[in-house]
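First up is the structure itself, then whatever we jot down about it.
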Amino acid sequence: MSPTLRTRIACTVYPSPRAAALAVADELRVRLAGYPSLVLGLPTGNTPVPFYQELIRLHRASLLSLAQATSFNLDEYLGLAPGDPRSFRAWMQAQLFSQVDLPANRTHLPDPVEPAAAAEESRRYELLIREAGGVDWMLLGIGRNGHIGFNEPGSPRTSRTRLVELEAKTIADAAKTFGGEQHVPRRAITMGIGTILEARAIRVMAFGSAKAEIVQRALTGEPTELVPASLLAGHADVRFLLDTESARLLSQ
Ligand code: F6R
9 MSPTLRTRIA CTVYPSPRAA ALAVADELRV RLAGYPSLVL GLPTGNTPVP FYQELIRLHR
69 ASLLSLAQAT SFNLDEYLGL APGDPRSFRA WMQAQLFSQV DLPANRTHLP DPVEPAAAAE
129 ESRRYELLIR EAGGVDWMLL GIGRNGHIGF NEPGSPRTSR TRLVELEAKT IADAAKTFGG
189 EQHVPRRAIT MGIGTILEAR AIRVMAFGSA KAEIVQRALT GEPTELVPAS LLAGHADVRF
249 LLDTESARLL SQ
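Okay, so the sequence shown: first residue is 9 according to the working numbering, each after it adds one.
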């Protein structure tokens with residue numbers, strides 16, 4: 009467990025990404041045991057992989073059930089064909105949905121529509137979240153530029169689900185999945201920062217030294233739209249879960 013760090017947002021530092029992922033998975037296990045119809049907000053990316061692996065392990069050991077839960081992913085690329093293996097829908101299917109008992113009709117991601125249909129799709133997504141009663145427990149990663157979901161620097165604090173243009177850093181980070189930067193979609197739909205802030209509890213995982221600088225800015229700087237994750241300060245129930253490498257620039 010971590011020493012107490014002087015940060016604007018609560019954080020816990022774990023010896024490894026796996027240790028942090030096990031702690032988050034255990035929190036979710038306990039929450040689901042008390043309230044099986046939890047509404048989850050979920051990310052894709054490298055960061056949540058050990059967390060999803062632990063959920064699968066707990067499910068196989070009959071220690072966790074998502075049979076009554078609902079999930080809303082944060083974001084999806086635009087302009088991909090439905091079923092494209094590089095879509096976040098396909099990624100979630102492979103990494104989690106196909107291996108746990110979350111009912112398929114209660115797993116939600118924005119549809120990878122053409123940009124012209126994005127405004128309508130964004131409204132539909134916001135409405136679905138509202139009809140589900142809002143997100144109870146939201147898990148986030150953080151981009152090297154401080155984005156949460158695909159809310160790039162400059163995204164308004166009050167933003168809702170909408171079409172966004174991806175920044176160069178975000179495109180570079182996705183290049184491997186798409187076989188080169190030139191193939192990465194330039195646009196996506198993301199839950200807004202306002203949408204994310206309405207979740208009742210928010211957990212943010214960040215691992216590795218490449219995240220150390222942005223973690224320091226998000227946790228210790230003035231909240232600013234230039235570092236979207238810093239806007240989580242002031243939420244009633246938010247916590248960052250770090251490993252020693254991503255926490256290395258935080259002073260005690
Ligand atoms: C993904 C998402 C992004 C990622 C962030 C970190 O659904 O919303 O904000 O969480 O880009 O990505 P990784 O975990 O790959 O470093």
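Every residue gets a Cβ at the ideal spot worked out from N, C-alpha and C, and that includes glycine. Computed from a predicted structure; not experimentally measured.
With 16 other CB atoms within 10 Å as the buried threshold, where does residue i fall?
| i | result |
| --- | --- |
| residue 138 | exposed |
| residue 109 | exposed |
| residue 95 | buried |
| residue 106 | exposed |
| residue 14 | exposed |
| residue 81 | buried |
| residue 200 | buried |
| residue 56 | buried |
| residue 120 | buried |
| residue 62 | buried |
| residue 97 | buried |
| residue 29 | buried |
| residue 135 | exposed |
| residue 44 | exposed |
Does residue i come out as helix, strand or coil in the three-state DSSP assignment?
| i | result |
| --- | --- |
| residue 243 | coil |
| residue 113 | helix |
| residue 248 | strand |
| residue 198 | strand |
| residue 182 | helix |
| residue 43 | coil |
| residue 137 | helix |
| residue 34 | helix |
| residue 122 | coil |
| residue 214 | strand |
| residue 221 | helix |
| residue 84 | strand |
| residue 160 | coil |
| residue 167 | coil |
| residue 255 | coil |
| residue 264 | Nothing can be reported for residue 264: it is not among the residues displayed for the chain, which extend from 9 to 260. |
| residue 203 | helix |
| residue 73 | coil |
| residue 228 | helix |
| residue 24 | coil |
| residue 147 | strand |
Do the CB positions of residue i and residue j come within less than 7 Å of each other?
| i | j | result |
| --- | --- | --- |
| residue 133 | residue 118 | yes |
| residue 169 | residue 202 | no |
| residue 149 | residue 53 | yes |
| residue 175 | residue 195 | no |
| residue 58 | residue 25 | yes |
| residue 241 | residue 17 | yes |
| residue 280 | residue 229 | Since the first residue shown for the chain is 9 and the last is 260, residue 280 is missing from the structure and cannot be characterised. |
| residue 73 | residue 115 | no |
| residue 189 | residue 179 | yes |
| residue 222 | residue 131 | no |
| residue 157 | residue 83 | yes |
With a CB to CB cut of under 6 Å and the five nearest residues on each side skipped, what residues in its chain are close to residue i?
| i | result |
| --- | --- |
| residue 185 | 94 |
| residue 207 | 49, 143 and 146 |
| residue 104 | 60 |
| residue 219 | 254 |
| residue 225 | 235 |
For residue i, I'd like the list of residues in its chain whose CB is within less than 7 Å of its CB, leaving aside the five on either flank, ordered along the chain.
| i | result |
| --- | --- |
| residue 126 | 86, 171 and 197 |
| residue 46 | 39, 40, 77, 144 and 145 |
| residue 193 | 85, 86, 87 and 88 |
| residue 129 | 118, 119, 121 and 197 |
For this session: Would you be able to state if there are at least three C-beta pairs under 8 Å between the region 26-37 and the region 52-70?
Result: yes
Exercise. How do the region 210-222 and the region 235-249 stand: do at least 3 beta-carbon pairs fall below 8 Å, yes or no?
Worked result: yes
Exercise. On the three-pair Cβ rule with 8 Å, is the region 161-175 touching the region 219-236?
Worked result: Short answer: they touch.
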